[in-house]
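There are 2 protein chains.
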Amino acid sequence: MNHGRIDDPTTRLVALDWGTSNLRAYRLGDGGAVLESRAAAGGVMAVQERRFETALRALCGDWVDGRAPLIASGMIGSRQGWQEAPYVACPAGLEQAAARLERVALDGGASLHIVPGLRCVGTDGQHDVMRGEETQLWGAGLAPGSVAVLPGTHAKWAWLGAAGEIASFQTYMTGELFGLCTKHGILGRLMRFEQGAPLSEAAFQRGTRLGLAEHGNATHVLFAARTAGLMGELAPEALPDFLSGLLIGIEIGSATRRAKPRELTLIGDDALCARYAAALACAGIQATRAPDEATTQGQWRVAEAAGLLTERAR
Amino acid sequence: MNHGRIDDPTTRLVALDWGTSNLRAYRLGDGGAVLESRAAAGGVMAVQERRFETALRALCGDWVDGRAPLIASGMIGSRQGWQEAPYVACPAGLEQAAARLERVALDGGASLHIVPGLRCVGTDGQHDVMRGEETQLWGAGLAPGSVAVLPGTHAKWAWLGAAGEIASFQTYMTGELFGLCTKHGILGRLMRFEQGAPLSEAAFQRGTRLGLAEHGNATHVLFAARTAGLMGELAPEALPDFLSGLLIGIEIGSATRRAKPRELTLIGDDALCARYAAALACAGIQATRAPDEATTQGQWRVAEAAGLLTERAR
Chain A
23 MNHGRIDDPT TRLVALDWGT SNLRAYRLGD GGAVLESRAA AGGVMAVQER
73 RFETALRALC GDWVDGRAPL IASGMIGSRQ GWQEAPYVAC PAGLEQAAAR
123 LERVALDGGA SLHIVPGLRC VGTDGQHDVM RGEETQLWGA GLAPGSVAVL
173 PGTHAKWAWL GAAGEIASFQ TYMTGELFGL CTKHGILGRL MRFEQGAPLS
223 EAAFQRGTRL GLAEHGNATH VLFAARTAGL MGELAPEALP DFLSGLLIGI
273 EIGSATRRAK PRELTLIGDD ALCARYAAAL ACAGIQATRA PDEATTQGQW
323 RVAEAAGLLT ERAR
Chain B
23 MNHGRIDDPT TRLVALDWGT SNLRAYRLGD GGAVLESRAA AGGVMAVQER
73 RFETALRALC GDWVDGRAPL IASGMIGSRQ GWQEAPYVAC PAGLEQAAAR
123 LERVALDGGA SLHIVPGLRC VGTDGQHDVM RGEETQLWGA GLAPGSVAVL
173 PGTHAKWAWL GAAGEIASFQ TYMTGELFGL CTKHGILGRL MRFEQGAPLS
223 EAAFQRGTRL GLAEHGNATH VLFAARTAGL MGELAPEALP DFLSGLLIGI
273 EIGSATRRAK PRELTLIGDD ALCARYAAAL ACAGIQATRA PDEATTQGQW
323 RVAEAAGLLT ERAR
């Protein structure tokens, strides 16, 4: 798919947002401005027999052999991806990641530079990982010491240090659990899903408040999404929003228990960020949206820190 | 299937344990002793077009038209079952349930008596429900003031009052979440399942300890079952037991946070009860197993309290 072209010859960077399901390619000009974008369902899991270069050239072969450097972030750097870019340990700044780009040689001499993911160890001694989100964080214009949240299948909370580095982060399985419980579980049986229906605000807020207060009873509290339906307290079409609020409330309650920020930045798509903003408001936290181009801005900044942009000029 | 017959003509009660997937029928003699048992995959969800009587007669038509009264417990009394037996509110004793049996008239004049489930409202204001487990609790020989746990898809914790009544209870979605995460979720992707393999004790205990300590971070802590695999800390065949320990630990931590009993009774199958006993030991709680015939003993006691056994003698 070709999502429009601006005829500007000065391609400074080809930036690939290469995830599990999709491959999104951007042609960036000065300052990382998006000149052109293309996307295909060519994610890591969709590429047959590890033919990553074929998938890349199918989408933007005309960009690959130009003079612009190529950078990629996301699951393409995982063990299941093209070439593993080992996780960099937190605290980690842009410079540490830029110093650890994984270089993949393409046919014809060009190179693709893969941004490494991050890992950290929580206070509970468990590892956590992210891959792709670190680049969005670096492109979101976050202030040192601030907090950012990336809602999604595996939502990420990131805490920035005094120098703007990613000090620590935590993953919440919020989106995945919502999908599992509604698609495959008993909670979905009492629910009705209406495509494009507006958020059932009362049910969502009720779920959020319950989730915020659960404090250690998550696997019990989730059952309320069944009993509220069984007892006729919530209509079948309100139950999905109740469960969504519940899971987001559990996440916010957990992530802010030790230190509750007054504000934070949300990075993600409109609908999900609106949900999170509403739930955060319930918790007394004000949310600001990051600019839409956080990913490409992050890729641009990493490329710059790695000297890829000047390299090209040589 | 016919699981053996003891030729004893004195059938005092026909007891049906009729759940979502299976129908188990027992012919009980004096004192509720099991004389004969049969089972079929004739659970509520398996019966087509609500032909419950056909399913019942297919399994034990020869028992139905005898002189013994019939009692049933489990999902057969739900809205999706044969006839709804409305939930009785906690605190509830055997007598309250016995007074609210739902009578179903069978062809030929016999009656089936369905034991009602229980409901209660938690300190968080949410409803909880059980159906079938209440009968097992009444048959488990529990002491007044004691605590009992029924592991399973939706594990139940029950707290008994001073008069032996069920004062309150809580459901945990432990078994369902384990199934969803391992069968349909990302956590299952790094796992290897070995039929009949012994419990990986170290991994199970590690999960249990993490779950016991999570205190409000459940939807984050679950992600450790991915990272422990990613980081090579646990082998693929140990990961299922790690996740199992994690979920059981979360459950025990939650259910015992306000008041930790020194001991409790486990009601359920051997393998699952052994897992729970090990996890409870981690938490410093001693577990005792209820007798295997808790269900039929409970059905016997309810029938007795309802006067069904003397009724038959008329």
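So the protein sequences, as listed, match chains A and B.
All the letters of the first sequence, read from the start, carry residue numbers 23 to 336 under the numbering used here.
All the letters of the second sequence, read from the start, carry residue numbers 23 to 336 under the numbering used here.
A virtual CB, placed ideally from N, CA and C, is assigned to each residue, including glycine.
Minimum Cα-Cα distance from B/G320 among the listed residues B/V137, B/C304, B/C142 and B/G144 corresponds to B/V137. The beta strand (DSSP E) runs of length 3 or more contained entirely in the region 240 to 300 of chain B are, from start to end of the chain, 285 to 288. Distances from the alpha-carbon of B/P220 to those of B/A277, B/V171 and B/A296 put B/A296 closest. Near chain B, meaning a CB-to-CB distance below 9 Å, the residues of the region 242 to 259 of chain A are H242, V243, L244, F245, A246, R248, T249, A250, L252, M253 and E255. Taking the Cβ atoms as the reference, A/G197 lies roughly 15 Å from A/T230, outside the contact range of under 8 Å.
For A/Q192, there is no enclosing alpha helix (DSSP H); the residue is part of the beta strand (DSSP E) that begins and ends at I188 to Y194.
With a contact defined as Cβ atoms closer than 8 Å, B/L81 and B/A47 qualify at about 5 Å.
When C-beta atoms of the region 255 to 266 of chain B are compared with those of the region 211 to 220 of chain B, three or more pairs fall below 8 Å, so the two segments count as touching. Residue contact check for A/S95 against chain B: no CB pair falls below 9 Å.
Within the region 220 to 245 of chain A, L232, A235, E236, H237, G238, N239, A240, T241, H242, V243, L244 and F245 place their CB atoms closer than 8 Å to a CB of chain B, listed in sequence order.
With fewer than 16 other Cβ atoms inside 10 Å of its own Cβ, A/D87 counts as exposed. Assignment of beta-bridge partners to A/R311 by DSSP yields A/L288. Contact annotation for A/M195 against chain B: T241, L244 and F245 [CB-CB distance below 7 Å, chain order]. Boundaries of the alpha helix (DSSP H) harbouring B/E223: E223 to A235, taken from the DSSP string. In the DSSP annotation of this structure, B/W85 is not part of any beta strand (DSSP E); the continuous alpha helix (DSSP H) holding it starts and ends at F74 to V86.
Sequence-distant Cβ neighbours of A/E273 in its own chain, meaning closer than 7 Å and more than five residues away, are A177, Y194 and T196.
A straight-line Cα-Cα distance of about 18 Å links A/S222 and A/T249.
Within chain A, the residues whose beta carbon sits less than 7 Å from that of B/G207 are E198 and L202, listed in sequence order.
In summary, A/A184 is exposed, with fewer than 16 beta-carbon neighbours lying within 10 Å of its beta-carbon over all protein chains present. At a beta-carbon threshold of 8 Å, the residues of chain B lying near A/L269 are T241, ordered along the chain. In the displayed model, B/C142 falls within a strand according to three-state DSSP.
Three or more beta-carbon pairs separated by less than 8 Å are not found between the region 115 to 122 of chain A and the region 53 to 73 of chain A, which leaves the two stretches without contact.
Under the three-state reduction of DSSP output, A/R323 falls in the helix class. Secondary structure at B/R211: helix, using DSSP grouped into helix, strand and coil. In terms of beta-carbon proximity, B/G275 lines the interface with chain A, with at least one pair separated by less than 9 Å.
The beta carbon of A/R279 falls within 9 Å of a beta carbon belonging to chain B, placing the residue at that interface. Using a CB distance cut-off of 9 Å, B/Q105 does not count as an interface residue toward chain A. Contact between B/Q105 and B/E124 holds: CB atoms are separated by about 6 Å, below the 8 Å threshold.
A/A37 is a Cβ neighbour of A/L92, given a cutoff of 9 Å. Cβ neighbours of B/A111 within its own chain (closer than 8 Å, five residues either side excluded): L140, R141 and C142.
Contact with chain B is found for A/D146, since one of that chain's Cβ atoms lies less than 9 Å from the residue's Cβ. For a Cβ distance threshold of 9 Å, residue set H242, F245, A246 and T249 of chain B lies close to A/D150, ordered along the chain. Taking a contact as a CB-CB distance under 8 Å, the pair A/T287 and A/A170 counts as one, their CB atoms being some 4 Å apart.
An exposed status is given to B/T310, since fewer than 16 other beta-carbon atoms sit within 10 Å of its beta-carbon. In the DSSP assignment, B/E124 falls outside any alpha helix (DSSP H) and within the unbroken beta strand (DSSP E) covering E124 to A127. Leaving aside the five residues that flank B/Q227 on each side, the residues in its chain whose CB is nearer than 7 Å to its CB run, in chain order, G267 and C304.
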